[in-house]
Each structure stands twice: as C-alpha cells, then as structure tokens.
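Written out below as structure tokens is the structure these notes cover.
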Amino acid sequence: MNLGRNDPFDGRGESRKDREETKVEEEKIADLGAENSEKQSKRRYLSETYKNSLRFAETKLLLKTFDFQILICEHTDFSERKQLF
Numbered sequence: 001m002n003l004g005r006n007d008p009f010d011g012r013g014e015s016r017k018d019r020e021e022t023k024v025e026e027e028k029i030a031d032l033g034a035e036n037s038e039k040q041s042k043r044r045y046l047s048e049t050y051k052n053s054l055r056f057a058e059t060k061l062l063l064k065t066f067d068f069q070i071l072i073c074e075h076t077d078f079s080e081r082k083q084l085f
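At position 51 of the sequence shown (counting the first as 1) the number is 51 in UniProt numbering, and the numbers step up by one without a gap.
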C-alpha cells in the first residue's frame with residue numbers, strides 16, 4: 001500500500017481534498033459561531049443600556065415630581081394640599 005504524499009487516500013478513509021473541505025467548513029461554522037456570540041453580547045449590552053436609561057428617566061421624573069410637590073407644599077396651605085394630592 002502506497003501511503004506517500006501523492007496518495008489521495010492516505011489510510012484514513014477519506015481523501016485529503018475531503019478533509020480540507022471539511023476543515024474549511026468547520027472554520028466557517030466557527031466564524032459564524034463567533035459572529036453570533038458577538039451579536040448576542042452587543043444585544044445584551046444595548047438591552048442593559050436601554051434598561052439603565054429607563055431607570056434613569058424614571059428616577060429623574062420622580063425627582064422632578066417630588067421637587068414639584070415640595071414647591072407646591074411651600075406655597076399652599078394644608079387644605080389646598082389635600083385637594084392636590
């Protein structure tokens with residue numbers, strides 16, 4: 001049996017060309033997996049950023065509401081405040 005460099009079936013049951021094609025396909029799959037992982041991490045980052053910005057907006061709105069309530073309380077008497085809140 002000739003297992004030299006020119007033998008297309010070097011004893012492994014598949015040709016060198018098939019192994020090279022399989023290797024290229026595996027590399028493409030690995031690249032796609034890495035790309036999908038990167039996309040998922042970007043989505044996760046944007047999702048967290050969006051959630052944080054919503055929390056910030058809610059906090060800012062609550063603070064403005066609270067400041068407005070304090071402002072109203074400073075300039076109204078108790079009976080008027082009961083009607084407002």
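Glycine is no exception: its CB is placed at the ideal position from the N, C-alpha and C atoms.
Only a predicted model underlies this, so the values are computations on that prediction, with no experimental measurement involved.
Other residues of its chain near residue i: CB distance less than 8 Å, five sequence neighbours each side excluded
| i | result |
| --- | --- |
| F66 | none |
Closer than 6 Å: residue i CB and nearest the ligand PLP heavy atom
| i | result |
| --- | --- |
| I70 | This structure lacks the ligand PLP; in fact it carries no ligand of any kind. |
Rounded C-alpha distance that separates residue i from residue j
| i | j | result |
| --- | --- | --- |
| E20 | K28 | 12 Å |
| L62 | R44 | 27 Å |
| L32 | K39 | 10 Å |
| T59 | E48 | 16 Å |
| E25 | N36 | 16 Å |
| L54 | L46 | 12 Å |
| E56 | D18 | According to the sequence shown, residue 56 is Phe rather than Glu. Approximately 57 Å, taken between the alpha carbons. |
| R16 | K51 | 52 Å |
| K64 | A34 | 45 Å |
| S41 | A30 | 17 Å |
Own chain residues within Cβ distance below 6 Å of residue i, not counting five before or after
| i | result |
| --- | --- |
| T22 | none |
Which runs of the beta strand (DSSP E) fall wholly inside the region 10 to 62 and span at least 3 residues, in chain order? List check, beta strand (DSSP E) in window: nothing returned.
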